[in-house]
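There are 2 protein chains.
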Amino acid sequence: MMATTTRRGRRPGSPDTRATILAGARSLFAENGYAGTSVRAVAAAAGVDAALVHHYFGTKDDLFLAALELPVDPRQLVAPVVAGGPDGAAERFLTVFLAAWDDPTIRPSLLAVARAVMDPAGSKLLTDGFLPVVIQPVGVALGLDRPEHRMTLVASQVLGIILLRYVLSVEPLASMPRDTVIATYGPTLQRYLTGPLP
Amino acid sequence: MMATTTRRGRRPGSPDTRATILAGARSLFAENGYAGTSVRAVAAAAGVDAALVHHYFGTKDDLFLAALELPVDPRQLVAPVVAGGPDGAAERFLTVFLAAWDDPTIRPSLLAVARAVMDPAGSKLLTDGFLPVVIQPVGVALGLDRPEHRMTLVASQVLGIILLRYVLSVEPLASMPRDTVIATYGPTLQRYLTGPLP
């Protein structure tokens, strides 16, 4: 005979509460996107109070990034890119981007995220999640004109690099030395960030 | 009681022979890639003679493209791009590429192919199929130096456009007028084709 349990009865301090919140957040963000998911809804799905979600995970942005299970906080990663201003931002971005992806302790997790967001079921994690939470703010922080427009162009090239170099390992891109990747794609990304555009 | 049937007994002229060959080709190309799949193997899987496969589908390249079920032959599409030579090739390519994708009678089939090749299970259709059969030959026909290198860079940007503009419908790219897309990405692709590269 099984003991009667209810979701509402879950103790806030139980060891799996954090995991339960995270699982609920992951599923709600994937289904409804970042904008369509409230911390309150995540809390309700886990049978806990919203305050407990904030206690464990911080802001809604923090919760979103925790749900993606990224091994690094991409906002910390791009902080030096933003701090240096628009000039040379593309080269600084490619440097931190490639260092993260080429780190064997980080790459597997990034690959899992890349596969998840490119899958139709998880595409809202990218379009209504990663793009507005991580990518677009970089353009705003850099003080670009038309930041959303320019950062979408940047994303269109960076996603292609991720797909061919890391997900599909297409040569010669997969084995290309990091400096060559930076020299190849730097001018493209810098034009998207600060160059003249139609 | 079921009638006894064998694959070997399938009549070459039966109405579903063509479909059977195509299904076998699709599955073998997806599993083993273009280079790892022979017309003979496709014929064996369908229980027919290799000559019949050639009769229905032409060359191995033709069979591969038929298996992708593209609504247009991409080799015909890029023929005018190649014919015009390297100068302005990026703009001509973007023009035919966008015309095909923006055609409502063609786009659904292209989307299905894009989803299939971005899926891990079908990634060989892209890496050991679409890239060597359709993309790389463009660079060779244009007489580019390092054609494989340059066409891989082109692919890295074009795949990002497909992903954001068509598969995920990310704004402002999804609604961007065709001329603006051409003016935005033309300089990038032309540099990848003919510009100085590290």
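From first to last, the protein sequence lines stand for chains A and B.
In terms of my numbering, the first sequence has 86 at position 89, counting the first letter as 1, and numbering is strictly consecutive.
In terms of my numbering, the second sequence has 44 at position 47, counting the first letter as 1, and numbering is strictly consecutive.
For every residue, glycine included, the Cβ atom is placed at its ideal position computed from N, Cα and C.
Coil, strand or helix - A:ALA16 by DSSP: helix
A:GLU168 in three-state terms, based on DSSP: coil
Residue range of the unbroken alpha helix (DSSP H) whose run includes B:ARG162: Neither: B:ARG162 is in no alpha helix (DSSP H) and is coded neither H nor E.
A:PRO101 - DSSP class collapsed to helix/strand/coil: coil
Length of the line joining the Cα atoms of B:ALA76 and A:SER35: 51 angstroms
Neighbourhood of B:GLY81 by C-beta distance below 6 angstroms, restricted to the same chain and skipping five residues each side: ARG89
For B:THR191, the first and last residue of its enclosing alpha helix (DSSP H): 175 to 191
Residue range of the alpha helix (DSSP H) that includes A:LEU123: Premise fails: A:LEU123 is in no alpha helix (DSSP H) and is neither H nor E.
Own chain partners of A:TYR15 with C-beta closer than 8 angstroms, once the 5 adjacent residues on each side are dropped: Per the sequence shown, the amino acid found at residue 15 of chain A is Arg instead of Tyr. Excluding residues within five positions, the ones whose Cβ falls inside 8 angstroms are TYR53.
Beta-carbon gap between A:VAL93 and A:LEU65 smaller than 8 angstroms: no
Any chain A beta carbon closer than 8 angstroms to B:ARG73: A small correction: the amino acid at residue 73 of chain B is Gln; Arg does not occupy that position in the sequence shown. It does not: the Cβ of B:GLN73 has no partner Cβ on chain A nearer than 8 angstroms.
C-beta neighbour in chain E for A:ILE132, strict 8 angstroms: Any reference to chain E falls outside this structure, whose protein chains are A and B.
Beta-carbon separation (whole angstroms), B:LEU25 vs B:ALA48, contact threshold 8 angstroms: No, B:LEU25 and B:ALA48 are not in contact; Cβ-Cβ is about 18 angstroms, not under 8 angstroms.
Start-to-end residues for the alpha helix (DSSP H) that takes in B:TYR31: Here B:TYR31 belongs to no alpha helix (DSSP H), and DSSP marks it neither H nor E.
Cβ-based neighbour list, B:VAL155, same chain, cut-off 8 angstroms, excluding 5 preceding and 5 following: PHE94, LEU186
C-beta contact flag for A:ALA118 and A:ALA38 at 8 angstroms: no
Cα-Cα separation between A:ILE132 and B:TYR189, rounded to whole angstroms: 25 angstroms
Contacting residues, own chain, Cβ-Cβ under 6 angstroms from A:LEU60 (five flanking each side not counted): ALA22, PHE54
Nearest-angstrom Cβ-Cβ length linking B:VAL114 and B:LEU122, presumed shorter than 8 angstroms: 5 angstroms
Chain-ordered chain B contacts of A:MET115 [CB-CB under 8 angstroms]: MET115, LEU160
B:ARG4 in three-state terms, based on DSSP: Confidence in B:ARG4 is poor, its pLDDT being 48 and thus under 50, which makes the residue's placement too unreliable to answer from.
Sequence-distant residues of its chain with Cβ nearer than 8 angstroms to A:ASP176 (five each side left out): none
A:LEU156 at chain B interface by Cβ criterion, 8 angstroms: yes
Three-way DSSP call (helix, strand, coil) for B:PRO195 in this model: coil
Beta carbon of A:PRO116 nearer than 8 angstroms to that of A:GLY30: Strictly speaking, residue 116 of chain A in this sequence is Asp, with Pro absent from that position. No, they are not a contact pair.
A:ALA96 beta carbon less than 8 angstroms from that of A:LEU139: no
Status (buried if at least 16 other CB within 10 Å, exposed otherwise) for A:PRO193: exposed
8 angstroms Cβ cutoff met for B:ALA180 and A:PRO195: yes
Reference B:ILE159; option with closest CA among A:LEU62, A:TYR163, A:ALA152, A:ARG104: A:ALA152
Cβ-based burial, A:SER172 [other Cβ within 10 Å; buried from 16]: exposed
Own chain partners of B:ASP70 with C-beta closer than 7 angstroms, once the 5 adjacent residues on each side are dropped: LEU62
Helix, strand or coil at A:LEU74 [DSSP, three-state]: helix
Interface positions of the segment 22 to 35 of chain B facing chain A (Cβ-Cβ less than 8 angstroms), listed along the chain: none
N- and C-terminal bounds of the alpha helix (DSSP H) containing A:ALA63: 57 to 64
Three-state secondary structure assigned by DSSP to B:LEU108: helix
Reduced DSSP category for A:PRO144 - H, G, I as helix; E, B as strand; rest coil: helix
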